[in-house]
Amino acid sequence: MRVKGLAAIWVLLMLSTLALTGFDIQPVQATLQLVPNSIQLDVNTTAVLDLAVTKVSGLYGVEAHLRFDPQVLEVVDADPTTEGVQLESGTFPAPDFVALNQVDNDAGTIDYAVTQLSPREPREGSGVVAHIKVRAKRPSTTQVEIEKFILTDTSAGIIRAVGENGQVKIRRNVPWLLLGAGSVIALLIVGGVGYAITIGRK
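Per the working numbering: the sequence shown = residues 128 to 329.
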């Protein structure tokens, strides 16, 4: 009897601990991620990374804060008519009100917040929150990190989700002149070998 009583107390203590820590045994389905999660660029070339939400239910607003290495990457301004550097808004959620849209290429930070407005219905499934156009500055392998974020529903309640960073690999450019010279040398070598074989047969 004493053992059963202790076991019951232990179970109650465990349940109390889980409640206090906010532990949820339900799996997290929603994800805020960068798509593609890995890209390759040459120096001075650009590519677009999509900040996307997947497998979400009841989405109404998104706030995200990202960080990148300003020595390696810079974000290209999507709205030259507005002061500062901005992202291009996506459609998930619908950008009825963009509360925050600012990039600091010196500090390497991206801050973006958007929400739908009533009477628009909440979003379900997957889609793009914003488009991030980046330019490669020097050879390196670097991360675009999602530092912190929240997804919210129509009542401003938080939707549980996980974040996934993106990786950018920047290759060193090979001058076209060197490529051309290499091709000529290769042709000369092949031609010389062919000529030697021809002479040898004679």
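All residues carry an ideal CB built from backbone N, CA and C; glycine is no exception.
Cβ neighbour criterion (16 or more within 10 Å) applied to residue i
{"i": "VAL155", "result": "exposed"}
{"i": "PRO220", "result": "buried"}
{"i": "GLY235", "result": "buried"}
{"i": "PHE224", "result": "exposed"}
{"i": "GLU248", "result": "exposed"}
{"i": "ILE193", "result": "Here the sequence assigns Leu to residue 193, which means Ile is not the residue at that position. Counting Cβ neighbours within 10 Å, LEU193 comes out buried, since at least 16 surround it."}
{"i": "LEU178", "result": "buried"}
{"i": "ALA226", "result": "exposed"}
{"i": "LEU334", "result": "A question about residue 334 goes unanswered here, because the residues of the chain that appear run from 128 up to 329."}
{"i": "ASN164", "result": "exposed"}
{"i": "ALA257", "result": "buried"}
{"i": "GLU201", "result": "buried"}
{"i": "LEU159", "result": "buried"}
{"i": "GLN243", "result": "buried"}
Cut-off 6 Å between Cβ atoms - residues of its own chain near residue i, not counting five sequence neighbours on either side
{"i": "THR269", "result": "ASP196, VAL199 and VAL295"}
{"i": "PRO222", "result": "SER216 and VAL241"}
{"i": "ARG299", "result": "PRO266"}
{"i": "LEU168", "result": "ALA174, ALA263 and ILE297"}
{"i": "ALA283", "result": "none"}
{"i": "ILE237", "result": "LEU193 and VAL230"}
{"i": "THR181", "result": "THR158 and SER253"}
Residues near residue i by beta carbon distance below 7 Å, same chain, minus five either side
{"i": "THR279", "result": "TYR187, GLY188, ILE285 and ILE286"}
{"i": "SER184", "result": "GLU251"}
{"i": "ILE277", "result": "GLU190 and ILE285"}
{"i": "VAL271", "result": "LEU161, LEU176, LEU193, PHE195, ASN292, GLY293 and VAL295"}
{"i": "THR218", "result": "GLY254 and VAL255"}
{"i": "ASN228", "result": "GLN213, LEU214 and TYR239"}
Cut-off 8 Å between Cβ atoms - residues of its own chain near residue i, not counting five sequence neighbours on either side
{"i": "ILE166", "result": "ALA174, LEU176, GLY293, GLN294, VAL295 and LYS296"}
{"i": "VAL170", "result": "ALA263, LYS264, ARG265, PRO266, ILE297, ARG298, ARG299 and ASN300"}
{"i": "GLU274", "result": "HIS192, LEU193 and ARG194"}
{"i": "ASN232", "result": "PRO197, GLU201, VAL202 and VAL212"}
Residues bridged to residue i [DSSP beta-bridge criterion]
{"i": "SER267", "result": "ILE297"}
{"i": "GLN229", "result": "ASP238"}
{"i": "VAL256", "result": "Bridge partners of VAL256: none, in fact."}
{"i": "LEU244", "result": "For LEU244, which the question treats as bridged, DSSP gives no partner whatsoever."}
{"i": "ARG262", "result": "THR173 and GLU201"}
{"i": "GLU330", "result": "Any answer about residue 330 is impossible in this case: the structure gives the chain only from 128 up to 329."}
{"i": "ALA288", "result": "ALA157"}
{"i": "THR281", "result": "THR281 pairs with nothing; no bridge assigned."}
- [ ] Write down every uninterrupted run of the beta strand (DSSP E) in the segment 142-226 whose length is 3 residues or greater and which is fully enclosed by it, in chain order.
- [x] 157-162, 165-169, 173-186, 188-194 and 200-202
Open item on the list: Measuring CB atoms only, is the segment 282-296 touching the segment 208-225, in the sense that at least three cross pairs come out at less than 8 Å?
Closed with: no
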